[in-house]
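Written below as structure tokens is the structure these notes are about.
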Amino acid sequence: MAAHDQAEARSELGDSEGPQEDQLQEAFDTIVSEGAQRLHRTWREVLTTGLAGGIEVATGVLVLFAVYAETGSHLLAGLAFSVGFIALVLARSELFTEGFLVPVTAVAAGRASTAQLGKLWAGTLLGNLVGGWLFMWLVVQAFPDLHATAVESAVHFVDSPLDLQSASLAFLAGIAITLMTRMQHGTTSDVAKIVAAVAGALVLAGLQLYHSILDSLIVFAALHAGAPFGYGDWAAWFWYTTLLNMAGGLFVVTLLRLVRSKDMLQRERADAGA
Numbered sequence: 006m007a008a009h010d011q012a013e014a015r016s017e018l019g020d021s022e023g024p025q026e027d028q029l030q031e032a033f034d035t036i037v038s039e040g041a042q043r044l045h046r047t048w049r050e051v052l053t054t055g056l057a058g059g060i061e062v063a064t065g066v067l068v069l070f071a072v073y074a075e076t077g078s079h080l081l082a083g084l085a086f087s088v089g090f091i092a093l094v095l096a097r098s099e100l101f102t103e104g105f106l107v108p109v110t111a112v113a114a115g116r117a118s119t120a121q122l123g124k125l126w127a128g129t130l131l132g133n134l135v136g137g138w139l140f141m142w143l144v145v146q147a148f149p150d151l152h153a154t155a156v157e158s159a160v161h162f163v164d165s166p167l168d169l170q171s172a173s174l175a176f177l178a179g180i181a182i183t184l185m186t187r188m189q190h191g192t193t194s195d196v197a198k199i200v201a202a203v204a205g206a207l208v209l210a211g212l213q214l215y216h217s218i219l220d221s222l223i224v225f226a227a228l229h230a231g232a233p234f235g236y237g238d239w240a241a242w243f244w245y246t247t248l249l250n251m252a253g254g255l256f257v258v259t260l261l262r263l264v265r266s267k268d269m270l271q272r273e274r275a276d277a278g279a
């Protein structure tokens, strides 16, 4: 009778060995497995995946320009930009700012090294920027009617001073994109992942948060279109935006997830011999 009661209680509690819920354990296992695979890629794989990611995000920027030019609404343009994030999900490409939660968790679990994490970040960032720069050149050549829209959109970023508001917008962008990643890894449903992508696009692009990759592509389009500013102005905005994106993603969403998963991390590190 006691054995039956224990079995029934175990059924109610779930299959996890620890106190964590089954769904959290499954999401953790998925994150560690995917993160380890991404971190063990070669330089060629990292760069080409990042290049594809930049092109896919740039596709979203093209639609963002088109919708904003027609409507003048940043919120509608943000929804339209979700095309880029949906492409990332379905094509399984790589975006630099999506590399905070998943790879960092794999490193914390002892499944990869910090050097591999640095390679992933550097290669993906470079690939995103190069792919996006090239695609935005094509956009500017193909759609001359969008030149003014590109310049107007870019001025919002390059003309902003480094103050508390700018820092907050960049920090919030890091939180938002990492939260989107967390939501997508909390489900196996492609429909739910697409919903998360649309929500993330609305927050990031619709509210004009400072996102290092997305907004760099907007600036690149403006530069190709003959904007009244240069690459130095972009770099002056880009360096602090990138660091604050990382801070928001790592020190809020990722850190909270690691603390929540402490027991699972310890078991994973023991299994890995770390």
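Quick note, the sequence shown lines up with residues 6 to 279 if you use the numbering used here. Using N, Cα and C, we set each Cβ at its ideal position, and we do this for glycine too. Quick caveat: nothing in here was measured; it's all calculated off a predicted structure.
Let me confirm a value: residue i is counted as buried when at least 16 other C-beta atoms fall within 10 Å, else exposed. Which label applies?
| i | result |
| --- | --- |
| Tyr236 | exposed |
| Pro166 | exposed |
| Gln146 | exposed |
| Arg49 | exposed |
| Leu261 | exposed |
| Asp220 | buried |
| Thr119 | exposed |
| Gln271 | exposed |
| Gly254 | buried |
| Ser194 | exposed |
| Thr102 | buried |
| Met269 | buried |
| Leu169 | exposed |
| Thr320 | With the chain running from 6 to 279 in the structure shown, residue 320 is simply not present. |
| Leu69 | buried |
| Leu143 | exposed |
| Ala32 | buried |
| Ala280 | Nothing about residue 280 can be reported from this structure: the residues present for the chain run from 6 to 279 only. |
Cβ atoms of residue j and residue i: under 8 Å apart, would you say?
| i | j | result |
| --- | --- | --- |
| Ala175 | Asn250 | yes |
| Ala226 | Ala155 | yes |
| Phe116 | Ala41 | It is worth fixing the name first, because residue 116 is Arg in this sequence and not Phe. In this structure, Ala41 lies closer than 8 Å to Arg116 by Cβ. |
| Thr64 | Ala85 | no |
| Phe162 | Trp242 | yes |
| Gly83 | Ala210 | yes |
| Met185 | Val66 | no |
| Thr247 | Ser217 | yes |
| Glu61 | Gly104 | no |
| Val37 | Lys124 | no |
| Trp239 | Val257 | no |
| Thr2 | Leu106 | With the chain represented from 6 up to 279, any question about residue 2 goes unanswered, as that position is not in the structure. |
| Leu29 | Pro108 | no |
| Val94 | Ala202 | yes |
| Leu263 | Ala113 | yes |
| Leu222 | Gly137 | yes |
Please state the DSSP three-state secondary structure of residue i.
| i | result |
| --- | --- |
| Asp164 | coil |
| Leu131 | helix |
| Arg116 | coil |
| Gly77 | coil |
| Pro24 | With a pLDDT of only 48 at Pro24, under the threshold of 50, the placement of this residue in the model should not be trusted, and no figure is reported. |
| Arg262 | helix |
| Leu100 | coil |
| Gly46 | In the sequence as displayed, the identity of residue 46 is Arg instead of Gly. Correct three-state label for Arg46: coil. |
| Gly55 | helix |
| Phe105 | coil |
| Gly253 | helix |
| Phe340 | Here the chain has residues from 6 to 279 only, and residue 340 is not among them. |
| Gly278 | coil |
If we define contact as Cβ-Cβ less than 8 Å, is residue i a contact residue for chain C?
| i | result |
| --- | --- |
| Lys124 | Absent from the structure: chain C. Only one protein chain is present. |
Could you check whether the Cβ of residue i sits closer than 7 Å to any heavy atom belonging to the ligand MN?
| i | result |
| --- | --- |
| Gly104 | The ligand MN is not among the ligands present in this structure, which contains no ligands whatsoever. |
Start-end ranges of the alpha helix (DSSP H) lying completely within the segment 182-239, minimum 4 residues
The qualifying runs are 195-206 and 219-229.
Contact between the segment 185-198 and the segment 59-75: three or more CB pairs below 8 Å?
With a cut-off of 8 Å, the segment 59-75 and the segment 185-198 do not count as touching, because too few Cβ pairs lie within range.
Count the C-beta pairs between the segment 128-143 and the segment 54-72 that are closer than 8 Å, then say yes if the count reaches three, no if not.
In short, these stretches touch, since the Cβ pair count reaches three.
Contact between the segment 121-129 and the segment 176-192 (3+ Cβ pairs under 8 Å):
Verdict: no, contact absent.
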